[in-house]
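Report on one structure; see the data block that follows.
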Amino acid sequence: MSDQELKLETMRHSASHVMAEAVVSLFPGARLGIGPATSEGFYYDFDLPHPLTSEDLPAVEAEMKRIVAADLPFVREEVDRAQARRLFEAQPYKLELIDDLSDESLSIYRQGSLIDLCRGPHLDSTGQIGAFKLLNIAGAYWRGDERRPMLQRIYGTAFATQAELDDYVKKLAEIEARDHRKLARQLDLISFHEEAGAGLAYWHPRGGLMRVLIEDYWRRQHYEGGYDIIFTPHIGRAHLWETSGHLNFYKDGMYSPMDIDGQDYYIKPMNCPFHIMIYKTRLRSYRDLPLRWAELGTVYRYERSGTLHGLLRVRGFTQDDAHIFCTPEQIEEEILRVLDFSLNMLRGFGFDDYKVELSVRDPQKPEKYAGSDAMWGQAESSLVKALTARNLAYQRQEGEAVFYGPKIDIKIMDALGRPWQCSTIQFDFNIPERFDLTYIGEDGRQQRPYMVHRALLGSLERFFGVLVEHYAGAFPVWLSPVQVVIIPISDRHLDYARQVEAELRSDGLRVQVDARPERMNLKIREAQLQKVPYMLVIGDKEVTASQVSVRLRSGEDLGKQSIAEFGAAVRAAIAARK
RNA sequence: GCCAGCGUAGCUCAGCGGUAGAGCAGCGGUUUCGUAAACCGCGGGUCGGGGGUUCGAUUCCCUUCGCUGGCUCCA
Numbered sequence: 344m345s346d347q348e349l350k351l352e353t354m355r356h357s358a359s360h361v362m363a364e365a366v367v368s369l370f371p372g373a374r375l376g377i378g379p380a381t382s383e384g385f386y387y388d389f390d391l392p393h394p395l396t397s398e399d400l401p402a403v404e405a406e407m408k409r410i411v412a413a414d415l416p417f418v419r420e421e422v423d424r425a426q427a428r429r430l431f432e433a434q435p436y437k438l439e440l441i442d443d444l445s446d447e448s449l450s451i452y453r454q455g456s457l458i459d460l461c462r463g464p465h466l467d468s469t470g471q472i473g474a475f476k477l478l479n480i481a482g483a484y485w486r487g488d489e490r491r492p493m494l495q496r497i498y499g500t501a502f503a504t505q506a507e508l509d510d511y512v513k514k515l516a517e518i519e520a521r522d523h524r525k526l527a528r529q530l531d532l533i534s535f536h537e538e539a540g541a542g543l544a545y546w547h548p549r550g551g552l553m554r555v556l557i558e559d560y561w562r563r564q565h566y567e568g569g570y571d572i573i574f575t576p577h578i579g580r581a582h583l584w585e586t587s588g589h590l591n592f593y594k595d596g597m598y599s600p601m602d603i604d605g606q607d608y609y610i611k612p613m614n615c616p617f618h619i620m621i622y623k624t625r626l627r628s629y630r631d632l633p634l635r636w637a638e639l640g641t642v643y644r645y646e647r648s649g650t651l652h653g654l655l656r657v658r659g660f661t662q663d664d665a666h667i668f669c670t671p672e673q674i675e676e677e678i679l680r681v682l683d684f685s686l687n688m689l690r691g692f693g694f695d696d697y698k699v700e701l702s703v704r705d706p707q708k709p710e711k712y713a714g715s716d717a718m719w720g721q722a723e724s725s726l727v728k729a730l731t732a733r734n735l736a737y738q739r740q741e742g743e744a745v746f747y748g749p750k751i752d753i754k755i756m757d758a759l760g761r762p763w764q765c766s767t768i769q770f771d772f773n774i775p776e777r778f779d780l781t782y783i784g785e786d787g788r789q790q791r792p793y794m795v796h797r798a799l800l801g802s803l804e805r806f807f808g809v810l811v812e813h814y815a816g817a818f819p820v821w822l823s824p825v826q827v828v829i830i831p832i833s834d835r836h837l838d839y840a841r842q843v844e845a846e847l848r849s850d851g852l853r854v855q856v857d858a859r860p861e862r863m864n865l866k867i868r869e870a871q872l873q874k875v876p877y878m879l880v881i882g883d884k885e886v887t888a889s890q891v892s893v894r895l896r897s898g899e900d901l902g903k904q905s906i907a908e909f910g911a912a913v914r915a916a917i918a919a920r921k
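Using our numbering, the first residue of the first sequence is number 344, and each one after it goes up by one.
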């Protein structure tokens, strides 16, 4: 952490203490949870007799301003456990924290009327807190545990200067303006329906067209990348899910079974067991491997109602799934290949900035994991080698691997610098074992293949939501549902407009003529709001010159061009995936 | 699932005990117009669903569904 970051974090942490003092003075009897700084600001958790609403925030903020203006010093003291227990005797959550700390001497901070158990550091005094603002309130379980009491959390943020705070507030407004839930409605892409069920997305014609474009690109890339594309059913017998283990370790994510001829069938939450079925249709030789099988597989998972969020968290979604079956000797090359393939795919959609995480097992608890030490060792080293070979910075996360294998997660960074988890490349040491997958090796004996599970876009729904937010709805030309809107100034320009339309259509462009008896200004405005990349204004001058006037959605006026010239420019932009 | 808030016309929102309103959109006209909203008129809502309190509920209470912000979890 840089000095500057530490300073900011310290200030935010101090601000959270000031907020605690303000809340305690406004709501006597408040019990304090914890109040740390976060990457964006700070929060404090309270157990209050009174349920907080956003209407309480101005009063808290005003009280905080008073405390800041009073410039109260933050005073650090060291106390022993007994003293600490006495000081916080009315604060059960603090007592629990004290009991969990092993140190004999504990630090406390005082400022004004507040005493808090806290490691620090803090500012010298409340007056050093810069510009701050309370943002929202939310429920939060004590220590993140849903079996513990639900506390009330107030989120806020603070910056050294008012200008920085203003920028941050502006950024929040920008995030809101890009919200895919709002844009998906405005651009007529996607809807959800209360009467039809929560967390289930409906793709409208324009959204559907974009999805087709995404899928077509995806399929082409996969065939070029050495994958085969398969299709599997949506439901499978209980027996399958018992074998795969899903009925043991993933039951909470699965929907109740349906009865078909006296047998339980489950709708699939994952595609892997189905791909396995295909693998097992014949004896596989080492000569057949690697097999790379991809599927746009639609799965359904139970997600708790409170976690649903537009397209980013739904109950039914299509994964761009694939399973790679290979020999241990092939694994390094396969990992490198899938890593390159992923990054290339993401770049195709305009994502050039990534955050990579390598999740490995907890070395202390080898018994928690499926697969042998040797397999984990080889898997991990092949992942590391691939990352190193491509010079990718990554964060190693000890103990974050799933029980069945280590993995690489790639988070794409959007235009606002927010990370989104989409791609994941996971080893699976569990399923091949459970389904007794084999191939005949060079030695003529049965061997166990390695299996790698990977999704690049993650789910089409989430990826689409991320695309909307990344581009704020102004998609690259190749993805824009309507690429060109032709705007005749008056009815007498319609014939020529139709001619331009036909010509551009024959070039494969998605073109529409706005033939309504409306004014040009209105048509421009609406095309602009629909984020159409090109607007062609056609009046007397254009008809006479056999040209078109090109306006971009940026507002830029490119002036007059010939139809051929314009068509070529658009085709070039499409080819460059701009 | 849990805590808090919110569900009023297609959208954005006002009204909050006496039976519903605006702007935009839609529809019908008039206007044929040079780079982000022409003008006039009309229709449109069992005020999310169910139950209760009340002479009377969009307004108060309960319940249910959905949404929002979080917690938890993940593609």
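Just so you know, even glycine gets a beta-carbon here, dropped at the ideal spot from N, CA and C.
ask   = Of the choices L701, L803 and H360, whose alpha-carbon is the least far from that of D467?
value = H360
ask   = Which stretch, first to last residue, makes up the alpha helix (DSSP H) that contains E844?
value = L837 to S849
request  = Run the CB neighbour count on T500, radius 10 Å, all protein chains shown included, and call it buried at 16 or more, exposed below.
outcome  = buried
key: A373 and L400 closer than 7 angstroms at C-beta   = no
query = With DSSP run on the structure shown, which of helix, strand or coil describes T396?
reply = coil
ask   = With distances taken from CA atoms, which of Q904, L369 and D883 is nearest Q890?
value = Q904
key: C-alpha gap between E723 and K611, whole angstroms   = 29 angstroms
inquiry  = To test your reading of the DSSP string, which unbroken alpha helix (DSSP H) runs of 4 or more residues are found completely within the stretch 398-469?
reply    = 400-412, 424-430 and 435-443
ask   = Alpha carbon to alpha carbon, how far is L457 from E364?
value = 5 angstroms
task = Give me the Cα-Cα distance between L872 and V913, rounded to the nearest whole angstrom.
result = 20 angstroms
query = Would you call the stretch 495-510 and the stretch 470-486 touching, i.e. three or more CB-CB distances under 8 angstroms?
reply = yes
query = Which parts of the stretch 542-625 are runs of the alpha helix (DSSP H), unbroken and 4 residues or longer, counting only runs that do not cross its ends?
reply = 548-567, 581-587, 589-592 and 615-622
request  = Let me know if F770 comes out buried or exposed under the rule of 16 or more other beta-carbons within 10 Å of its beta-carbon.
outcome  = buried
inquiry  = What would DSSP say about N479, mapped onto helix, strand or coil?
reply    = strand
query = Considering R635, what are the terminal residues of the beta strand (DSSP E) in which it resides?
reply = L634 to Y643
message = For S599 and E352, I'd like the C-alpha separation in whole angstroms.
response = 47 angstroms
query = Taking C-beta to C-beta, are V699 and Y737 nearer than 7 angstroms?
reply = yes
ask   = How would you call M688, buried or exposed, if buried means at least 16 neighbouring beta carbons within 10 angstroms?
value = buried
query = Quick one: what does DSSP say I774 is sitting in, helix, strand or coil?
reply = helix
query = First and last residue of the beta strand (DSSP E) that includes T731?
reply = Taken as a continuous stretch (DSSP letters only), T731 belongs to no beta strand (DSSP E), being part of the alpha helix (DSSP H) at D716 to A732.
key: Residue nearest to I917 in terms of C-alpha spacing, selected from S892, G691 and A840   = G691
ask   = Is T650 helix, strand or coil when you go by DSSP?
value = helix
inquiry  = By the three-class DSSP mapping on this structure, what secondary structure does V825 have?
reply    = coil
inquiry  = With three or more beta-carbon pairs closer than 8 angstroms as the criterion, would you say the stretch 809-822 touches the stretch 517-533?
reply    = yes
request  = Kindly indicate which residue of Q471, V827, L440 and E646 has the alpha-carbon position closest to the one of C461.
outcome  = L440
request  = Check whether the stretch 512-528 touches the stretch 785-800, counting contact only when three or more Cβ pairs, one atom from each stretch, lie closer than 8 angstroms.
outcome  = no
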